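Written out below as structure tokens is the structure these notes cover.
Residue numbers (the UniProt record's numbering): 1 to 384.
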């Protein structure tokens with residue numbers, strides 16, 4: 001029988017089940033997301049002969065890896081699988097909150113002349129949740145807010161999209177926080193060693209991306225005093241020398257204040273979507289969604305800081321354990337190769353004396369002759 005190389009601990013309804021589960025637990029997978037979906041945990045157990053007791057629905061579950069709490073939630077589903085001659089498995093899946101109760105129940109409730117913080121807390125009280133709202137969002141005043149056939153989940157997600165917030169529920173607490181700011185979470189460092197191996201197993205990162213990059217955000221609103229539509233505009237500086245592109249929000253805001261909030265949210269979205277990628281690390285249980293990640297040793301222009309949007313811890317008794325990070329919001333030099341030209345390759349990329357894809361040589365007998373410092377100068381210069 002394979003032996004675990006990772007220290008783990010599992011508590012069910014407050015009872016330590018580690019020793020009892022050790023002969024049967026095959027693997028652990030924990031996913032911590034930014035708020036677009038619930039945190040999840042999956043435990044796969046060897047159920048040969050059906051000897052395991054079926055976990056109870058809604059049981060509380062705590063999972064620790066190397067002494068760090070990586071998941072806190074409740075059992076959501078238990079799935080048995082097996083085949084003739086293939087053995088039997090029991091897969092226990094848990095979510096970060098209990099999805100069986102009023103949290104998904106549609107409501108009919110409204111608020112006149114109040115703040116977003118008051119409204120979310122009022123909804124939270126109705127479903128049994130303690131709601132914490134970022135002060136910058138809590139004080140936003142609205143003349144009318146409503147949940148018209150929406151659940152607490154729907155309202156929180158809708159307002160989070162509008163304001164560029166992270167809306168997350170963990171156990172009996174809901175958090176409505178501003179994205180792109182320091183939330184006091186521990187930063188994670190990844191080292192891609194060339195001479196000496198670091199904690200980075202592999203990386204796949206695009207430090208800049210153009211599709212969702214804008215230089216301005218505009219939102220229309222109706223000015224009741226002037227009896228006309230007006231536009232609120234916010235500049236977006238991604239420090240990349242981008243050509244002008246305006247993110248014109250199609251929906252119209254109720255007033256100038258709401259238009260400003262929506263435009264600021266689109267600004268944060270553009271900063272967040274400025275680049276993306278993924279990194280696989282040796283097990284790093286302290287990594288959390290919305291924390292900062294610093295990459296070192298990959299290459300100039302890729303090294304820098306990124307915002308973690310998803311964390312996936314995996315531990316297997318037949319192998320090692322890893323932490324996968326999904327990244328966005330590049331910064332700290334990511335996307336910029338500041339090396340002087342004398343450090344660049346002597347020969348332009350593609351001009352290595354080999355034929356191009358079509359078999360025709362470049363003007364100097366090389367390949368395509370594509371010089372990245374002057375894109376286009378080597379294109380079309382080959383013989384007719």
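Virtual Cβ for every residue (Gly too), placed ideally from N, Cα, C.
Values in this document were obtained by computation on a predicted structure and should not be read as measured data.
* Limits of the unbroken alpha helix (DSSP H) element including residue 91 -> Careful: residue 91 lies outside any alpha helix (DSSP H), inside the beta strand (DSSP E) at 87-95.
* Using alpha carbons as the reference points, say which of 154, 338 and 242 lies closest to residue 303. => 338
* To do: Run through the segment 113-198 for me and flag every whole beta strand (DSSP E) of 3 or more residues, listed as ranges in chain order.
  => 130-133, 141-150, 165-170, 173-178 and 188-191
* For the segment 272-286 and the segment 197-210, state whether three or more C-beta atom pairs, one from each stretch, are separated by less than 8 Å. => yes
* To do: Enumerate in chain order the residues of its own chain whose CB-to-CB distance from residue 69 is below 7 Å, with the five nearest sequence positions on each side excluded.
  => 62
* Close Cβ partners of residue 359 (< 7 Å) along its chain, the five nearest in sequence each way excluded -> Per-residue confidence for residue 359 stands at a pLDDT of 42, beneath the threshold of 50, marking its modelled position as unreliable; no derived number is given.
* By DSSP, does residue 374 sit in helix, in strand, or in coil? -> Its pLDDT being 45, under 50, residue 374 is placed unreliably in this model, and the coordinates cannot settle the point.
* Asked: Is residue 288 closer than 8 Å to residue 306 when the C-beta atoms are compared?
  -> no
* Which residues does DSSP pair with residue 327 in a beta bridge? -> 277 and 308
* Within 8 Å, strictly: CB atoms of residue 155 and residue 123 -> yes
* Buried or exposed for residue 385, please, with buried defined as at least 16 other CB atoms from any protein chain shown within 10 angstroms of its CB. => Outside the shown range of the chain, which is 1 to 384, sits residue 385, and nothing can be said about it.
* To do: Take the Cβ of residue 182 as the centre, count every other Cβ of all protein chains shown within 10 Å, and call the residue buried at 16 or more, exposed below.
  => exposed
* For residue 283, which residues from the same chain have a beta carbon less than 8 Å from its beta carbon, with the 5 sequence-adjacent residues on both sides left out? -> 6, 65, 66, 313, 315, 320, 321, 322 and 323
* Asked: Is the beta carbon of residue 232 sitting closer than 8 Å to the one on residue 219?
  -> yes
* Return the CA-CA distance between residue 103 and residue 332, expressed in angstroms with no decimal places. => 39 Å
* Which of helix, strand or coil DSSP assigns to residue 256 -> helix
* Asked: Does the separation of the CB atoms of residue 35 and residue 160 fall below 8 Å?
  -> yes
* Asked: Rounded to the nearest angstrom, how far is the Cβ of residue 297 from that of residue 198, given a contact under 8 Å?
  -> 6 Å
* Asked: Hey, residue 53 and residue 74 are a contact pair by Cβ (cut 8 Å); roughly how many whole angstroms apart?
  -> Contact flag wrong, Cβ pair sits at about 17 Å.
* In chain order, what residues of the same chain lie with their CB nearer than 7 Å to the CB of residue 261, ignoring the 5 residues before and after it? -> 140 and 163
* Nearest neighbour of residue 310, chosen from 334, 318, 285 and 299 [CA to CA] -> 285
* **residue 239 versus residue 336 - alpha carbon distance** => 10 Å
* Answer yes or no: do residue 145 and residue 114 have a C-beta to C-beta separation smaller than 8 Å? => yes
* Asked: Just the Cα atoms here: how many angstroms apart are residue 17 and residue 79?
  -> 19 Å
* Look at the Cβ atom of residue 96, then the Cβ atom of residue 39, and state whether they are nearer than 8 Å. => yes
* Asked: For residue 20, which of 157, 318 and 45 has the nearest alpha-carbon?
  -> 45
* Asked: Is the distance from the Cβ of residue 308 to the Cβ of residue 327 below 8 Å?
  -> yes
* Extent of the continuous beta strand (DSSP E) run through residue 29 -> 25-33
* To do: List the whole-angstrom C-beta distance separating residue 201 from residue 215, where the pair is believed to meet the contact cut-off of C-beta under 8 Å.
  => The Cβ separation is near 37 Å, so there is no contact.
* **Extent of the continuous beta strand (DSSP E) to which residue 205 belongs** => 200-206
* To do: Just mark residue 55 as buried or exposed, buried being the case when its beta carbon has 16 or more other beta carbons within 10 Å.
  => buried
* Which of the three DSSP states, helix, strand or coil, is assigned to residue 102? -> helix
* What separation, rounded to the nearest whole angstrom, lies between the Cα atoms of residue 130 and residue 244? -> 43 Å
* Per-residue burial, residue 246 [other beta carbons within 10 Å of its own, 16 or more giving buried] -> exposed
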